[in-house]
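Asks: Residues in the sequence shown are numbered from 1 upward in steps of one, following full-length UniProt numbering.
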Amino acid sequence: MRLHPTLPLLLPRQNKEKCEINGYEIPAKINTIVNAWVIGRDPTYWPEPEIFKPERFLHDSNCIDSKLGNNFEYLPFGGGRRICVGMSFGLLSVELSLALLLYHFDWMLPNGMKNEDLDMTKSFRATLQRKNVLQVIPITYELSTTASSK
Numbered sequence: 001m002r003l004h005p006t007l008p009l010l011l012p013r014q015n016k017e018k019c020e021i022n023g024y025e026i027p028a029k030i031n032t033i034v035n036a037w038v039i040g041r042d043p044t045y046w047p048e049p050e051i052f053k054p055e056r057f058l059h060d061s062n063c064i065d066s067k068l069g070n071n072f073e074y075l076p077f078g079g080g081r082r083i084c085v086g087m088s089f090g091l092l093s094v095e096l097s098l099a100l101l102l103y104h105f106d107w108m109l110p111n112g113m114k115n116e117d118l119d120m121t122k123s124f125r126a127t128l129q130r131k132n133v134l135q136v137i138p139i140t141y142e143l144s145t146t147a148s149s150k
């Protein structure tokens with residue numbers, strides 16, 4: 001969700017009063033749009049932003065609390081007082097669905113394709129998506145009963 005947000009530009013917000021952000025003066029009642037795609041790749045907030053390091057999201061606690069709305073980890077769910085009330089449910093649903101798919105299937109690329117052959121080009125539209133559809137072949141994963149019977 002950090003590198004590939006569904007909506008690269010978040011919904012517009014309007015500030016109530018004049019403020020200053022990073023030296024820029026923002027007048028009152030100005031519509032602003034947050035570029036989540038750029039924030040997800042900013043090395044100021046994400047050391048080595050293009051490298052897949054899931055451990056960067058590990059915290060002392062495994063629970064998701066309201067404080068996370070103030071950080072960039074869950075920016076796709078909004079932040080502050082307007083954070084998505086369904087964030088916990090959405091994250092758990094995605095995690096469970098993905099875990100079940102990974103547990104029950106092995107995956108392979110079609111026609112002897114290698115990982116290096118994958119085209120990871122993105123296409124910018126109203127939502128961010130891959131330019132070419134990813135096709136994988138699920139292979140039913142069967143647990144070995146011989147190991148458990150010994």
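In this text, a Cβ means the ideal position worked out from N, Cα and C, and glycines have one as well.
Keep in mind it's a predicted model, so treat the numbers as computed, not measured.
Evaluate the contact criterion for the region 35–48 versus the region 12–25: three or more CB pairs, one atom per stretch, below 8 Å.
Replies: no
Asks: Could you tell me the distance, in whole angstroms, from the CA atom of Arg13 to the CA atom of Ile26?
Replies: 12 Å
Asks: Measuring CB to CB, does Pro110 end up less than 7 Å from Ile137?
Replies: yes
Asks: Assuming contact is defined by CB atoms lying nearer than 7 Å, are Ala28 and Pro8 in contact in what I supplied?
Replies: No, they are not a contact pair.
Asks: Within 10 angstroms of its Cβ, does Arg125 collect 16 or more other Cβ (buried), or is it exposed?
Replies: exposed
Asks: Considering only C-alpha positions, which residue in the set Arg2, His104, Thr44 and Ile51 is nearest to Glu142?
Replies: His104
Asks: Buried or exposed: which applies to Arg130, given that a residue is buried once 16 or more other Cβ atoms fall within 10 Å of its Cβ?
Replies: exposed
Asks: Can you determine whether any heavy atom of the ligand GDP sits closer than 6 Å to the C-beta of Ser97, and answer yes or no?
Replies: The ligand GDP is absent from the structure shown, which contains no ligand whatsoever.
Asks: Along the chain, where does the alpha helix (DSSP H) containing Ile39 start, and where does it finish?
Replies: Ala36 to Ile39
Asks: What's the gap between the Cα of Met1 and the Cα of Tyr24?
Replies: 28 Å
Asks: Glu55 by DSSP, collapsed to three states: which one?
Replies: helix
Asks: Alpha carbon to alpha carbon, how far is Ser88 from Gly112?
Replies: 39 Å
Asks: Thinking C-alpha only, which one of Trp107, Leu134 and Lys53 is nearest Leu118?
Replies: Leu134
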